[in-house]
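First up is the structure itself, then whatever we jot down about it.
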Amino acid sequence: MAHYKGAASEAGRAMQLMKKREIAQQEIELRKKKIEDELKIHNIENKFATHYNAVEQQLKTSTIGLVTLDEMKAKQENIVKERERKLAQKEREKEQEKERALAAKQAEKNKQKKQIQALSFNLDEDEDVDEEEEETLEIKPQQEKKPAKEKTKKRESEEDSLVVKKIKKNPHVDTSFLPDREREEEENRLREELRQEWARKQNALKEEEIEITFSYWDGSGHRRSVMMKK
84 MAHYKGAASE AGRAMQLMKK REIAQQEIEL RKKKIEDELK IHNIENKFAT HYNAVEQQLK
144 TSTIGLVTLD EMKAKQENIV KERERKLAQK EREKEQEKER ALAAKQAEKN KQKKQIQALS
204 FNLDEDEDVD EEEEETLEIK PQQEKKPAKE KTKKRESEED SLVVKKIKKN PHVDTSFLPD
264 REREEEENRL REELRQEWAR KQNALKEEEI EITFSYWDGS GHRRSVMMKK
């Protein structure tokens with residue numbers, strides 16, 4: 084009979100432990116809902132399942148042997164708080180990363196805007212040119228009395244002055260990547276001069292004479308030399 088009473092006692096103890104675990108499980112579910120409401124997790128099923136499983140797994144690994152209900156509650160509360168702290172820290176890091184990316188993007192836009200402004204032409208000078216063209220059109224009837232050659236020269240000088248005024252760039256900015264007709268013409272002129280100089284040197288070398296010494300035998304030895312162009 085003693086053996087039977089011992090078995091009954093063990094069964095009662097097991098029932099108490101099962102009830103404690105059920106209570107603990109209910110508290111975990113309540114805390115799970117609270118965390119869900121506070122963090123407002125998107126895609127609740129996946130993210131919360133991950134969070135819940137992590138808390139449960141950490142609780143299992145840190146709990147060894149039989150513990151009281153109060154000890155399990157305290158340990159569970161510490162684990163959940165630590166998990167919540169880590170999740171909140173990750174959210175803050177994500178927000179900071181987004182802010183840094185936006186700041187870098189805005190800085191790049193401001194840099195490009197400054198470069199475009201620096202490369203812009205002088206609009207005031209263009210307005211002055213337009214005013215000069217209007218004045219030229221107003222006095223045109225008076226100029227028709229002058230000789231044709233004088234009109235042509237004046238018109239050419241005015242066109243040259245307009246070109247000089249319009250083609251102006253900011254000297255403080257690197258504009259080497261922009262098309263420049265004058266620079267291209269200068270480069271072509273230098274290439275042509277170098278080509279002509281190389282051709283002259285080649286022709287001069289070809290016209291130089293060299294002495295070639297040779298020997299032949301016709302029963303006796305003979306040694307001769309001849310002058311030829313390279």
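The numbering used here applies: residue 84 is where the sequence shown begins, and numbers increase by one. Virtual Cβ for every residue (Gly too), placed ideally from N, Cα, C. This structure is a prediction, so every number in the text was calculated from the model and none was measured.
Burial state of residue i (16 or more Cβ within 10 Å)
i, result
"Val256", "exposed"
"Val163", "buried"
"Val246", "For Val246, the predicted structure reports a pLDDT of 48, less than 50, and the residue's modelled location is therefore unreliable. A value from the coordinates is still provided. Val246 should be labelled exposed."
"Asn205", "Low local confidence applies: a pLDDT of 49 at Asn205 is under 50, so the model's placement there is unreliable, with the coordinate-based value given in what follows. Exposed, since its Cβ has fewer than 16 Cβ neighbours within 10 Å."
Beta-carbon spacing of residue i, residue j below 8 Å
i, j, result
"Glu291", "Met311", "no"
"Lys156", "Glu110", "yes"
"Leu170", "Leu122", "yes"
Contacts around residue i, its chain only, beta-carbon distance under 6 Å, and the 5 residues preceding and following it disregarded
i, result
"Thr296", "Ser308"
"Glu265", "none"
Residue i versus the options, residue with shortest Cα-Cα distance
i, options, result
"Glu51", "Arg183, Glu160, Ala282, Leu273", "Only positions 84 to 313 of the chain appear in this structure, which leaves residue 51 out of reach."
"Glu167", "Lys103, Glu119, Glu276", "Glu119"
"Gln198", "Glu180, Thr258, Lys188", "Thr258"
Proximity test, Cβ basis, 8 Å: residue i and chain C
i, result
"Lys115", "As a matter of chain content, chain C is missing from the structure shown, which is built from one protein chain."
Residues of its chain near residue i, where Cβ-Cβ distance is below 8 Å and the 5 sequence neighbours each way are ignored
i, result
"Lys289", "Lys312, Lys313"
"Phe260", "none"
"Lys228", "Per-residue confidence for Lys228 stands at a pLDDT of 49, beneath the threshold of 50, marking its modelled position as unreliable; the derived number appears in the next sentence. Closer than 8 Å at Cβ, skipping near neighbours: no residue."
"His305", "Ser298, Tyr299"
Residues near residue i by beta carbon distance below 7 Å, same chain, minus five either side
i, result
"Glu105", "none"
"Arg114", "Val163"
"Asn49", "Since the first residue shown for the chain is 84 and the last is 313, residue 49 is missing from the structure and cannot be characterised."
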